[in-house]
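K.L.:
Please read through the structure below; I'll follow up with questions.
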Amino acid sequence: MLLSRRALLRGGLATGALLWALPSQACTPAPPTRDDRVRLEFWAFSETRIWWQKKAHELYKQRVNPKLEIDWIVLPYGQMHDKLLIAAEAGAGGPDIADVEISQFSKFLKGRTNFVPLNDAVQAMGGTDKLYTASATDPWSWKGVIYGLGNELNTCLLAYRWDIFDQYGIKTPIQTWQEFAEVGKRLKEASRGEVALADFPDQSWGIWWMMTLQQGGGFFNSEGWPIINNEKGVRTLDYHQRAVYEDKWAIITPIGPAYNTALAAGKIATQLGPSWRFSGFMRQAVAQTKGKWMLQPFPRWEPDGSRTATWGGTGVCVVRDSFYRDAAVAFVVWEHMTPEAVLFDFEKRNVWPTLKPAWSDPRLTEPIDFFNNQRVGEVIREVSPEIPKWYNSPFWAEVTDATVRVGITPAMQGRVPAKQALDAAYEEAMRVIRAQIA
Amino acid sequence: MQATVLTRPSWWERNRVKVAPYLFIAPFFLFFLVFTAWPILESFRLSFYKGAGLGEKTFYGLGNYARLFGDPRYIKAVINTTYYAAGSIFIISPLALLVALAINSRYVRWKDFFKLALFLPTITSSVVIALMFSLVLDQRYGLLNAFLGNFGIPPIGWLTTREWVMPAFILMGIWNWIGINTLYWLAGLNGISRELYEAARVDGAGALASFRYITLPLLKPVTLFVIIQAINGSYHLFAQPFLLTGGGPADSSLTITLYLYNQGFSFLQFGYANAIGYSMVVIILVLSLLNLLLFGGFRTTGD
Chain A
1 MLLSRRALLR GGLATGALLW ALPSQACTPA PPTRDDRVRL EFWAFSETRI WWQKKAHELY
61 KQRVNPKLEI DWIVLPYGQM HDKLLIAAEA GAGGPDIADV EISQFSKFLK GRTNFVPLND
121 AVQAMGGTDK LYTASATDPW SWKGVIYGLG NELNTCLLAY RWDIFDQYGI KTPIQTWQEF
181 AEVGKRLKEA SRGEVALADF PDQSWGIWWM MTLQQGGGFF NSEGWPIINN EKGVRTLDYH
241 QRAVYEDKWA IITPIGPAYN TALAAGKIAT QLGPSWRFSG FMRQAVAQTK GKWMLQPFPR
301 WEPDGSRTAT WGGTGVCVVR DSFYRDAAVA FVVWEHMTPE AVLFDFEKRN VWPTLKPAWS
361 DPRLTEPIDF FNNQRVGEVI REVSPEIPKW YNSPFWAEVT DATVRVGITP AMQGRVPAKQ
421 ALDAAYEEAM RVIRAQIA
Chain P
439 MQATVLTRPS WWERNRVKVA PYLFIAPFFL FFLVFTAWPI LESFRLSFYK GAGLGEKTFY
499 GLGNYARLFG DPRYIKAVIN TTYYAAGSIF IISPLALLVA LAINSRYVRW KDFFKLALFL
559 PTITSSVVIA LMFSLVLDQR YGLLNAFLGN FGIPPIGWLT TREWVMPAFI LMGIWNWIGI
619 NTLYWLAGLN GISRELYEAA RVDGAGALAS FRYITLPLLK PVTLFVIIQA INGSYHLFAQ
679 PFLLTGGGPA DSSLTITLYL YNQGFSFLQF GYANAIGYSM VVIILVLSLL NLLLFGGFRT
739 TGD
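Quick mapping for you: the protein sequence lines, in order, are chains A and P. Numbering-wise (the numbering used here), the first sequence opens with residue 1 and increments by one. Numbering-wise (the numbering used here), the second sequence opens with residue 439 and increments by one.
Right, dumping it as structure tokens:
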């Protein structure tokens, strides 16, 4: 059967219109709706994480702007950030608001900054004094400009197996890292090497980061240049090396499922981390250890030093190319600076908030059965003001990569001295950065 | 009687038989041009540009290509990937030939079952494979170390030690790719006439001699194909190291595609990432041409 000319032309026109419409739809900001409603697009990578934001949005519609609608789009982690990056590079096709994970944020600072500054809106809602800034704004700030807000406090604590500590007569709280090492040696002897007090990784930077930040160190100085090989970073890595190879009271962190097995079997007696580790990960991965864990602040490095740090988190950013950037900024800042809104995330995921006024809510300090009915929130509230300030940089990916690849792995595997390894990591980071900016 | 009025046929009526087929196939070419050809050309153009992250890029000439030669991480990635390719060519492909010979043998029954069983890993998702092998290759609780332990071999950090991580990926490759390679070889073996073997047997040739003087020479075209496939597939190794090791420990499993991804999507060095991509094209092209020369792939039947 021959196709008629009319049918063919119709088909051709329809195909042409479709081809034209697809990219134009993607590149054009959402137009205003007829009844003055504003419709925003929100990209996220976790359904559970945006639960509180959906609830906050309902509250926002009741209290502030009933005409603000949001389309929630959840994509896999890598895909969402890559798509956001591609949209930023193209200058169109992205969302109005996006969840940006801490490790992914810095790449959006390179060249043309992709996000809208939030400083004025934060100031209008009461200013940064209302926030624990080390977790709320530091990760998403660059040179004093706030490009995103985080609601997850992520105060780091030491989780310990109280049943094992009881069995071997270990008293808490352990006050200093020196004392922690002594306890480790005793536990090793008493358990005949069966139980390690801690695990230190050879292929990731998280533990090194927490213990270094606790001293006021980290990856970058205020200008965004690496400082990984300063005395604080070296001291931490040296401590890890000695614990694993010299005194042998700690082990290299097992990779993958082996880690859960070791934790569940009581082969590792402590865990360092923020709430997404001790409250999120552990309650899912080693649920059978319920009631056997308790928490204390980090042991100190110095007599008057900090007892905590922060690690991880996701910030909410408003995309520069958004058609409704004012409406988006207003919502993002409101949801992060309204106690009732941030408490939705505690309700859903046990995420303690970065917003200080929210801490008057008694639910945050209620006993938690997984932690032997300890009032975990009270420990967090006590130490959170001690989280040191830190700085992000456009070169986060390059520096964290070099720190692990050339610093931590060789030191923790090949036993290269800590100072030598971190000096080499610093040189490698600078080599990569210089190649980019030359 | 009314006279019939003859009108000149329109352009469409005169040409539609010629034109319509092109219009039917046009959508494919339109999509190909927009989503394949244009990105290929655009990425080639971008490989001559440099820019810090998002926004403007400046012309950098051959700078990105020159940088490849002085970049120790790129060289490491090429070495790792070539190591894996060598494993594919010299371990996986011969093993697949042995399996094909075994399946093709008159003594083996349930041939279809073996073909199906061996082929299944080929269509298994890379994510599933990575997850499965993270359990198999675990140093403390993994299946492989438990098995090796029976022979007194101490636990090996397959994915955590520098010297073992690439052999671990080759092991994964064996499981993953032996099936499809076996099918290639089987196709080649089935194309060899039985009469040749019978004639050789009459002349007193044993099994080994038949394999050496009949099977191997007549498998040359398939060998050429299998090796080109192995080279091409190996130089695209990405998912397993990305999911299992991230290229570590200390770049021991960094592959070219993984390095390209890191440069493009982690460091935002789009120009350099494109240069890495095109360097991969050159490597695969050169190796494939060498392979064609070695196996006489350019010769015609008349030669």
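Every residue gets a Cβ at the ideal spot worked out from N, C-alpha and C, and that includes glycine. Just so you know, these numbers come straight off a predicted model, no measurement behind them.
Where does P/Asn502 land, buried or exposed, given buried means 16+ other C-beta within 10 angstroms?
P.N.:
Taking the second sequence and counting its residues from 1, the one referred to as residue 502 of chain P is at position 64. When all chains shown are included, P/Asn502 counts as buried.
K.L.:
Any idea which residues DSSP pairs P/Phe551 with across the strands?
P.N.:
Taking the second sequence and counting its residues from 1, one reaches residue 551 of chain P at position 113. P/Phe551 is not bridged to any residue.
K.L.:
Please confirm whether A/Pro76 has its beta-carbon closer than 8 Å to some beta-carbon of chain P.
P.N.:
For the purposes of this step, residue 76 of chain A is identified with residue 76 of the first sequence, where counting begins at 1. No, its Cβ sits nowhere closer than 8 Å to a Cβ of chain P.
K.L.:
How long is the line joining the alpha carbons of A/Ile146 and P/Leu682, rounded to whole angstroms?
P.N.:
Counted from its first residue, the first sequence places residue 146 of chain A at position 146. Counted from its first residue, the second sequence places residue 682 of chain P at position 244. Their backbone Cα atoms lie some 35 Å apart in a straight line.
K.L.:
Terminal residues of the continuous alpha helix (DSSP H) containing P/Ala671?
P.N.:
Walking along the second sequence from the start, residue 671 of chain P turns up at place 233. The residue you asked about is not Ala; residue 671 of chain P is Gly in the sequence shown. Residues 658 to 672.
K.L.:
Counting only beta-carbon separations shorter than 8 Å, does A/Thr409 have a partner in chain P?
P.N.:
Position 409 of the first sequence, counted from the start, is the residue given in the question as residue 409 of chain A. Chain P contact via Cβ: present.
K.L.:
Compute the distance between the beta-carbons of P/Gly580 and P/Leu573, then report whether it is under 8 Å.
P.N.:
Position 142 of the second sequence, counted from the first residue, corresponds to residue 580 of chain P. Position 135 of the second sequence, counted from the first residue, corresponds to residue 573 of chain P. Contact flag set, yes.
K.L.:
Per the DSSP calculation, A/Pro226 is bridged to which residue(s)?
P.N.:
Taking the first sequence and counting its residues from 1, the one referred to as residue 226 of chain A is at position 226. According to DSSP, A/Pro226 bridges with A/Phe220.
K.L.:
Please classify A/Phe346: is it buried, with 16 or more other beta-carbons within 10 angstroms of its beta-carbon, or exposed?
P.N.:
Along the first sequence, read from residue 1 onward, the residue named residue 346 of chain A stands at position 346. Under this definition A/Phe346 is a buried residue.
K.L.:
Among residues of its own chain, excluding the 5 on either side of A/Trp311, which ones have a beta-carbon nearer than 7 Å to its beta-carbon?
P.N.:
Along the first sequence, read from residue 1 onward, the residue named residue 311 of chain A stands at position 311. Result list for A/Trp311: Asn154, Cys156, Gly206, Trp209, Met210, Gly273, Pro274, in chain order.
K.L.:
Return the Cβ separation of P/Gln678 and P/Met610 in integer angstroms, given the expectation that the two are a contact with Cβ distance under 8 Å.
P.N.:
One-based indexing of the second sequence puts residue 678 of chain P at position 240. One-based indexing of the second sequence puts residue 610 of chain P at position 172. With 8 Å as the limit, P/Gln678 and P/Met610 qualify as a contact, their Cβ atoms being about 6 Å apart.
K.L.:
Using only CA atoms, which one of P/Lys549, P/Asn670, P/Pro532, P/Leu575 lies nearest to P/Phe607?
P.N.:
Position 169 of the second sequence, counted from the start, is the residue given in the question as residue 607 of chain P. That would be P/Leu575, whose Cα lies nearest to the Cα of P/Phe607.
K.L.:
Give me the Cα-Cα distance between A/Pro362 and A/Arg381, rounded to the nearest whole angstrom.
P.N.:
Counting from one through the first sequence, the residue named residue 362 of chain A turns up at place 362. Counting from one through the first sequence, the residue named residue 381 of chain A turns up at place 381. Each residue's Cα considered, the two are about 12 Å apart.
K.L.:
List, in order along the chain, the chain P residues whose C-beta lies closer than 7 Å to that of A/Arg112?
P.N.:
The sequence position of residue 112 of chain A within the first sequence is 112, counting from 1. Leu492, Gly493, listed in chain order.
K.L.:
If we cut at 8 Å on Cβ distances, does P/Arg578 have a partner in chain A?
P.N.:
Counting from one through the second sequence, the residue named residue 578 of chain P turns up at place 140. At least one chain A Cβ lies under 8 Å of P/Arg578.
K.L.:
May I ask you to report which of helix, strand or coil DSSP gives A/Asp71?
P.N.:
On the first sequence, residue 71 of chain A is found 71 positions in, with the first residue counted as 1. In the structure shown, A/Asp71 sits in a strand (DSSP, three-state: E or B).
K.L.:
For P/Ser648, would you say it is in contact with chain A, using Cβ-to-Cβ distances shorter than 8 Å as the test?
P.N.:
To locate residue 648 of chain P, count along the second sequence from 1; it is residue 210. Chain A, which has no Cβ nearer than 8 Å to the Cβ of P/Ser648, makes this no.
K.L.:
Can you tell which of A/Lys267, A/Asn114, A/Ile50, A/Tyr391 has the C-alpha that lies nearest to the C-alpha of A/Val318?
P.N.:
Translated into the one-based positions of the first sequence, residue 318 of chain A becomes position 318. Among A/Lys267, A/Asn114, A/Ile50, A/Tyr391, the Cα nearest to that of A/Val318 is on A/Asn114.
K.L.:
Using a Cβ-Cβ cut-off of 8 Å, state whether P/Ala688 counts as contacting chain A.
P.N.:
Here residue 688 of chain P refers to the residue found at position 250 when the second sequence is read from its first residue. Closer than 8 Å: yes.
K.L.:
Here's a check: name, in chain order, each residue in its chain whose Cβ is nearer than 7 Å to the Cβ of P/Thr695, leaving out the five neighbours to either side.
P.N.:
Counting from 1 along the second sequence, the entry for residue 695 of chain P is found at position 257. Once the five neighbours on either side are set aside, the close Cβ partners of P/Thr695 are His674, Leu675, Phe676.
K.L.:
Going along the chain, which residues of its own chain have a beta-carbon closer than 8 Å to the beta-carbon of P/Ser526, five neighbours each way excluded?
P.N.:
By 1-based counting over the second sequence, the position of residue 526 of chain P is 88. If we look at P/Ser526 and ignore the five residues flanking it on each side, its Cβ neighbours are Ile608, Gly611, Trp615, Ala668, Ile669, Gly671, Ser672.
K.L.:
Just checking: is the beta-carbon of P/Phe585 within a distance shorter than 8 Å of some beta-carbon in chain A?
P.N.:
Numbered from 1 along the second sequence, position 147 holds the residue referred to as residue 585 of chain P. Answer no: the Cβ-Cβ gap between P/Phe585 and chain A never drops below 8 Å.
K.L.:
Would you mind working out which of A/Ile86, A/Val100, A/Val38 sits nearest A/Gly94, comparing C-alpha positions?
P.N.:
As a first step, residue 94 of chain A must be located in the first sequence, where it is residue number 94. Answer by Cα proximity: A/Ile86.
K.L.:
Have a look at the DSSP bridge pairing and note the partners of A/Cys317.
P.N.:
Numbered from 1 along the first sequence, position 317 holds the residue referred to as residue 317 of chain A. Paired residues: A/Ala98.
K.L.:
Output the distance between the C-alpha atoms of P/Gly684 and P/Leu692, rounded to the nearest integer angstrom.
P.N.:
Taking the first residue of the second sequence as position 1, residue 684 of chain P is located at position 246. Taking the first residue of the second sequence as position 1, residue 692 of chain P is located at position 254. Spanning the two alpha carbons is a distance of roughly 7 Å.
K.L.:
Tell me whether A/Ser106 is buried or exposed, calling it buried when 16 or more other Cβ atoms sit within 10 Å of its Cβ.
P.N.:
Within the first sequence, the letter at position 106 stands for residue 106 of chain A. By the 10 Å Cβ count, A/Ser106 comes out buried.
K.L.:
Which residue from A/Asp82, A/Ala90, A/Ala402 puts its Cα closest to that of A/Val100?
P.N.:
As a working note, residue 100 of chain A is residue 100 in the first sequence. Looking at the Cα atoms, A/Asp82 is the closest of the given residues.
K.L.:
Return the residue from the list A/Glu58, A/Ile437, A/Arg277, A/Ser46 that minimises the CA-CA distance to P/Leu706.
P.N.:
What you label residue 706 of chain P is simply residue 268 of the second sequence in a count that begins at 1. Closest by alpha carbon: A/Ile437.
K.L.:
Can you tell me where the beta strand (DSSP E) holding A/Thr270 begins and where it ends?
P.N.:
Residue mapping note: residue 270 of chain A aligns to position 270 of the first sequence, counting from 1. Element bounds for A/Thr270: 270 to 273.
K.L.:
Run through the DSSP bridge pairs and tell me what A/Asp199 is partnered with.
P.N.:
Along the first sequence, one-based indexing puts residue 199 of chain A at 199. Looking at the DSSP assignment, A/Asp199 forms a beta bridge with A/Ile251.
K.L.:
Around the Cβ of A/Tyr67, are there at least 16 other Cβ atoms within 10 angstroms (buried) or fewer (exposed)?
P.N.:
Walking along the first sequence from the start, residue 67 of chain A turns up at place 67. One point to set straight first is that residue 67 of chain A is Lys, not Tyr, in the sequence displayed. The residue in question, A/Lys67, is exposed, as its Cβ has fewer than 16 Cβ neighbours within 10 Å.
K.L.:
Under a CB-based cut-off of 8 Å, is A/Ala264 close to chain P?
P.N.:
Here the question's residue 264 of chain A lines up with position 264 in the first sequence. Closer than 8 Å: no.
K.L.:
Would you give the residue range spanned by the alpha helix (DSSP H) that A/Gln62 belongs to?
P.N.:
Position 62 of the first sequence, counted from the first residue, corresponds to residue 62 of chain A. Unbroken alpha helix (DSSP H) run through A/Gln62: 47 to 63.
K.L.:
With a cut-off of 8 Å, does the C-beta of A/Asp202 fall near any C-beta of chain P?
P.N.:
Numbered from its first residue, the first sequence carries residue 202 of chain A at position 202. Chain P contact via Cβ: present.
K.L.:
Indicate the three-state DSSP secondary structure (helix, strand or coil) for A/Ser360 in the structure shown.
P.N.:
For this step, residue 360 of chain A is matched to residue 360 along the first sequence. Helix, per DSSP.
K.L.:
If you reduce the DSSP assignment to three classes, tell me which class A/Ala26 lands in.
P.N.:
For this step, residue 26 of chain A is matched to residue 26 along the first sequence. Confidence in A/Ala26 is poor, its pLDDT being 44 and thus under 50, which makes the residue's placement unreliable; the coordinate value appears in the next sentence. Here A/Ala26 sits in helix by DSSP.
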